[in-house]
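Residue numbers for the sequence shown, in our numbering: 495 to 890. Every residue gets a Cβ at the ideal spot worked out from N, C-alpha and C, and that includes glycine.
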Amino acid sequence: MADIVLEHLTKRYPNGVEAVKDLTLEVPDEKLLVLVGPSGCGKTTALRMIAGLEEISSGDLYIGGKRVNDVLERDRDIAMVFQNYALYPHMTVAQNIGFSLKLSRRPRKEVRQRVRETAELLGLEELLDRRPKQLSGGQRQRVAMGRAIIRQPQAFLMDEPLSNLDAQLRVQMRGEIEALQKRLGVTTVYVTHDQVEAMTMGDQIAVLRDGVLQQVGHPTDVYDDPANLFVAGFIGSPQMNLAQATIGARDGGFAVRLGDATLSIPEEVARQQGLERWRDRTVIVGIRPEDLRQRRDGEASAALGATVDRIEALGASLLVHFAVNAPPARTEGIAAATGEHGLDEVPLIGHEGAWFAAAFEPRSAVRTGDQIDVSIDSRRLHFFDPETEASIRPTA
Numbered sequence: 495m496a497d498i499v500l501e502h503l504t505k506r507y508p509n510g511v512e513a514v515k516d517l518t519l520e521v522p523d524e525k526l527l528v529l530v531g532p533s534g535c536g537k538t539t540a541l542r543m544i545a546g547l548e549e550i551s552s553g554d555l556y557i558g559g560k561r562v563n564d565v566l567e568r569d570r571d572i573a574m575v576f577q578n579y580a581l582y583p584h585m586t587v588a589q590n591i592g593f594s595l596k597l598s599r600r601p602r603k604e605v606r607q608r609v610r611e612t613a614e615l616l617g618l619e620e621l622l623d624r625r626p627k628q629l630s631g632g633q634r635q636r637v638a639m640g641r642a643i644i645r646q647p648q649a650f651l652m653d654e655p656l657s658n659l660d661a662q663l664r665v666q667m668r669g670e671i672e673a674l675q676k677r678l679g680v681t682t683v684y685v686t687h688d689q690v691e692a693m694t695m696g697d698q699i700a701v702l703r704d705g706v707l708q709q710v711g712h713p714t715d716v717y718d719d720p721a722n723l724f725v726a727g728f729i730g731s732p733q734m735n736l737a738q739a740t741i742g743a744r745d746g747g748f749a750v751r752l753g754d755a756t757l758s759i760p761e762e763v764a765r766q767q768g769l770e771r772w773r774d775r776t777v778i779v780g781i782r783p784e785d786l787r788q789r790r791d792g793e794a795s796a797a798l799g800a801t802v803d804r805i806e807a808l809g810a811s812l813l814v815h816f817a818v819n820a821p822p823a824r825t826e827g828i829a830a831a832t833g834e835h836g837l838d839e840v841p842l843i844g845h846e847g848a849w850f851a852a853a854f855e856p857r858s859a860v861r862t863g864d865q866i867d868v869s870i871d872s873r874r875l876h877f878f879d880p881e882t883e884a885s886i887r888p889t890a
């Protein structure tokens, strides 16, 4: 097996368009890294440069410590799984899986044995004599995986392999792919636009936007500590609530004024976030839906007064949508990237404030039109610079 290292990788087309810009990443040996981002962000181009299907304009690519910029695709010892499976329709499952071994003129006995072992690994033993048109989408994907596995490559590259499957099968298959990758211990780069896949599958995720790396890290770290507004809005479903707010003083400490609410900020939070220099200045504040809840009667916590506009019953939670009397956080790109209510649009006619969602308990007695108080966990607030859109950090 081998690690994969990208050093300042750039892809520049003849018309001057840069699809990938100065990308530096390391995929450790036996780990799975997910490249995630909206359509057109450069993730598939980056994968194709690793595969040798796209020429590298500048930078260096190393696989197993060897610089491979000028090494042909067939000599890089990697296997790629495509979005459309790319199976040969006239061949059986066994022939599709063993095709690469046949090309390399391996003995028939060895081919049969390795095809059988691969089929057992993927639960395809009973399907070896069928052709692709006789298989379900999930079975076809397993065959495509088998064709990659049988080569015993240094690394797997997967380009949105589950995008053609229905929602339930996607959940099943991503669990199977993750378990298989761990069992085989093969270094893997997995491309997807689905941030749920990224969060659930990767040892690390790398978020791209317009060809530029925004953040890389463990999925939980990226979710809990986004580097900028784009990552905050893109990672998470439903996305993070964002609005303009002002940092002020309260009882000798700090507070954030968000619309009609003033929320005290614990001293350790203010210190960790580096809010001292933002006193009396506008920031963008973010809070995830699961960190909002309905305030109970008699509870003294700070809350937002809200009128319930829309409710979505998701089973595990009740997603309650409401307007906040605070200016929306206007930033480019998140609405198009997520396909959800954008931060640049105002979903309520005649309302100029921000649009929030709260994940309540699934059996909460909340109805459309209700006047409610929504408590905010101020320890879970995120703060961003409205000019640079970067997360606010303490100065060194």
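When DSSP builds the beta bridges, which residues end up paired with residue i?
{"i": "residue 574", "result": "651"}
{"i": "residue 806", "result": "813"}
{"i": "residue 823", "result": "Answer is none; residue 823 lacks a bridge partner."}
{"i": "residue 758", "result": "749"}
{"i": "residue 686", "result": "530"}
Buried or exposed, going by whether 16 or more other CB atoms sit within 10 Å of the CB of residue i?
{"i": "residue 505", "result": "buried"}
{"i": "residue 836", "result": "Only weak support is given to the placement of residue 836: the predicted model assigns it a pLDDT of 42, under 50, and the value that follows is read from those uncertain coordinates. It is buried - the Cβ of residue 836 has at least 16 other Cβ atoms within 10 Å."}
{"i": "residue 681", "result": "buried"}
{"i": "residue 691", "result": "buried"}
{"i": "residue 597", "result": "exposed"}
{"i": "residue 566", "result": "exposed"}
{"i": "residue 538", "result": "buried"}
{"i": "residue 564", "result": "exposed"}
{"i": "residue 883", "result": "buried"}
{"i": "residue 872", "result": "buried"}
{"i": "residue 820", "result": "buried"}
{"i": "residue 712", "result": "exposed"}
{"i": "residue 856", "result": "exposed"}
Pick from the options: whose alpha carbon is nearest that of residue i?
{"i": "residue 723", "options": "673, 786, 714 and 738", "result": "738"}
{"i": "residue 653", "options": "668, 686 and 678", "result": "686"}
{"i": "residue 525", "options": "533, 620, 672 and 511", "result": "672"}
{"i": "residue 648", "options": "569, 548 and 540", "result": "569"}
{"i": "residue 745", "options": "808, 522, 761 and 496", "result": "761"}
{"i": "residue 571", "options": "534, 544, 553 and 785", "result": "544"}
{"i": "residue 823", "options": "736, 707, 522 and 548", "result": "736"}
{"i": "residue 502", "options": "508, 496 and 517", "result": "517"}
{"i": "residue 697", "options": "714, 707 and 708", "result": "714"}
{"i": "residue 560", "options": "693, 764 and 498", "result": "498"}
Got a sec? Which residues, its chain only, sit under 6 angstroms from residue i by beta carbon, not counting five neighbours each side?
{"i": "residue 644", "result": "591, 608 and 612"}
{"i": "residue 888", "result": "768"}
{"i": "residue 536", "result": "513, 514, 702 and 705"}
{"i": "residue 579", "result": "634 and 638"}
{"i": "residue 839", "result": "Because residue 839 sits at a pLDDT of 41, beneath the cut-off of 50, its placement in the model cannot be relied upon, and the point is left open."}
{"i": "residue 869", "result": "787, 789, 795 and 797"}
For residue i, collect the residues of the same chain with a Cβ closer than 7 angstroms to its Cβ; drop the 5 residues on either side in sequence, then sort them by chain order.
{"i": "residue 806", "result": "813"}
{"i": "residue 627", "result": "583"}
Please report the Cβ distance between residue i and residue j, rounded to the nearest whole angstrom; I am assuming they are in contact, meaning their Cβ atoms lie under 8 angstroms.
{"i": "residue 858", "j": "residue 721", "result": "33 angstroms between Cβ atoms; not a contact."}
{"i": "residue 674", "j": "residue 781", "result": "Not confirmed; about 37 angstroms, so no contact."}
{"i": "residue 625", "j": "residue 583", "result": "7 angstroms"}
{"i": "residue 732", "j": "residue 783", "result": "5 angstroms"}
Only counting the same chain, and skipping five residues up and downstream in sequence, which positions put a Cβ closer than 8 angstroms to that of residue i?
{"i": "residue 817", "result": "800, 801, 803, 842, 845, 847, 848, 849 and 850"}
{"i": "residue 623", "result": "586, 587 and 588"}
{"i": "residue 642", "result": "573, 574, 575 and 650"}
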